[in-house]
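Input: a single structure, listed below in structure tokens.
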Amino acid sequence: MKSLKPEDFLDGKVIDGKKLSNEIRSQIATEVERLTELHGIAPKLTTVIVGEDPGSKMYVRMKHRACKKVGIISDGHTLPTDTSEEDLMELIEDLNRDVSIHGILVQLPLPRHIDEETIISAIDPSKDVDGFSPRNIYRLFYGGEMLSSATPQGIVTMLDSLGVNLDGMHGVIINRSTIVGKPLVMLLLNRNITVTICHSHTRDLESVTKQADILVTAVGRRQGDEDPFFITKDMVKEGAIVIDVATPHGDVDFEAVKEIASYITPVPGGVGPMTITMLLKNVLAAYSFQQAQTNVLTTGAIDYGSYVS
Ligand code: GUN
47 MKSLKPEDFL
57 DGKVIDGKKL
67 SNEIRSQIAT
77 EVERLTELHG
87 IAPKLTTVIV
97 GEDPGSKMYV
107 RMKHRACKKV
117 GIISDGHTLP
127 TDTSEEDLME
137 LIEDLNRDVS
147 IHGILVQLPL
157 PRHIDEETII
167 SAIDPSKDVD
177 GFSPRNIYRL
187 FYGGEMLSSA
197 TPQGIVTMLD
207 SLGVNLDGMH
217 GVIINRSTIV
227 GKPLVMLLLN
237 RNITVTICHS
247 HTRDLESVTK
257 QADILVTAVG
267 RRQGDEDPFF
277 ITKDMVKEGA
287 IVIDVATPHG
297 DVDFEAVKEI
307 ASYITPVPGG
317 VGPMTITMLL
327 KNVLAAYSFQ
337 QAQTNVLTTG
347 AIDYGSYVS
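Quick note, the sequence shown lines up with residues 47 to 355 if you use our numbering.
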């Protein structure tokens with residue numbers, strides 16, 4: 047992928063995730079056009095939602111819109127809340143077999159009567175554009191980043207794009223989820239960053255966050271009205287890179303922390319747009335991988351990260 051110049055997406059210390067995303071999305075669009083012509087088939091994402099959760103529906107709509115803008119075909123299955131696990135499994139197996147579909151995304155959470163692990167494990171790992179399947183998590187443990195979780199990929203893409211030497215830095219992550227905190231550990235380790243994960247049971251959080259050269263926070267809980275921010279200026283080391291993943295309100299007291307941070311992400315307009323961009327990158331990577339599997343050689347311009355098999 048063409049390397050991006052920090053001045054293209056930095057506004058002083060502020061990392062503009064929307065600008066960086068737009069740069070990457072335009073490169074993805076160029077690559078989609080080139081490969082569609084080369085292979086005679088466009089990349090395609092299929093999404094699955096079970097139930098009526100308005101948040102899930104909104105996120106999936108945003109994913110379809112983003113696909114369309116870069117030339118990725120997408121369609122979706124919306125199933126009723128009372129869909130059985132067996133019926134959903136049957137659909138996943140059909141989608142796995144369909145060679146016109148390169149990426150499958152089952153929006154989480156699923157209704158409680160369906161076992162998420164069973165469903166996610168059933169997705170063909172080469173079509174698993176969320177990077178949630180056991181095979182892709184295993185690959186991540188061995189250093190492969192190609193189909194890994196989108197939000198952590200968005201975070202490290204921001205860090206990589208800064209052009210800063212990250213080697214040996216101390217990264218502190220406040221989040222231990224399987225979608226954000228845990229995969230991010232692996233991506234930071236791949237960059238020789240020393241990693242600490244904090245969570246709700248961490249003692250003396252401030253003493254840990256103050257050691258962070260890179261502080262990533264994804265708590266998403268507002269404090270009281272008087273003291274609304276989870277991360278205040280006194281919890282941050284001078285010169286730290288501060289990445290705020292929380293939505294819809296950031297965890298970080300942005301204006302105050304900006305004074306001492308070397309770089310900082312805003313909310314909105316920081317990590318958020320990067321997440322969908324990394325999903326697009328994953329769809330393109332899955333498609334390229336599947337086309338290569340069918341013995342068509344490509345000269346890819348985009349660096350998808352290694353796919354350790
Ligand atoms: N629910 C919340 N975040 C995600 C995500 O990244 N992927 C899927 N499939 N579901 C989600």
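Positions of the beta carbon are idealized from the N, C-alpha and C atoms, including for glycine.
Between I201 and L134, the alpha-carbon positions lie close to 32 Å from each other.
Taking a cut-off of 8 Å for Cβ pairs, the region 126-146 and the region 70-82 do not touch, as fewer than three such pairs fall below it. The secondary-structure analysis by DSSP pairs L84 with nothing; it has no beta-bridge partner. With fewer than 16 other CB atoms across the displayed protein chains lying within 10 angstroms of its CB, Y188 is exposed. T127 and V96 do touch by the CB rule: their CB atoms are close to 7 Å apart, below 8 Å. Listed by position in the chain, the residues whose beta carbon lies within less than 6 Å of some heavy atom of the ligand GUN are L151, V152, Q153, L154, D176, A196, I225. In the DSSP assignment, S207 falls within the alpha helix (DSSP H) that extends over 196-207.
Between the alpha carbons of P312 and R249 lies a distance of about 27 Å. Beta-bridge partners of H123 (DSSP): V94. For S102, the CB contacts under 6 Å within the same chain, skipping 5 residues up- and downstream, are I95, Q153 in chain order.
In this structure, the alpha-carbon of K115 lies about 26 Å from that of V226. A direct Cα-Cα distance of roughly 42 Å separates I61 from E131. For D144, the three-state secondary structure derived from DSSP is coil. If you draw a 10 Å sphere on the C-beta of Y184, you find fewer than 16 other C-beta atoms in it, and that means exposed. Annotation: the continuous beta strand (DSSP E) that includes I289 extends over 287-290. Annotation for R237: V202, L205, D206, L212, D213 place their beta carbon closer than 8 Å to its own, counting only its chain and skipping 5 residues before and after. Looking at the backbone, the Cα of P314 and that of S146 are separated by about 35 Å.
For T242, the uninterrupted beta strand (DSSP E) run begins and ends at 240-244, by DSSP. In the DSSP assignment, the residues bridged to L261 are V218, V288. Secondary structure at I165: helix, using DSSP grouped into helix, strand and coil.
Taken atom to atom, the span from the alpha-carbon of G86 to that of Q337 is near 11 Å. In the displayed model, D57 falls within a strand according to three-state DSSP. Closest option to I289, judged by alpha-carbon separation, among T92, T255, N142: T255.
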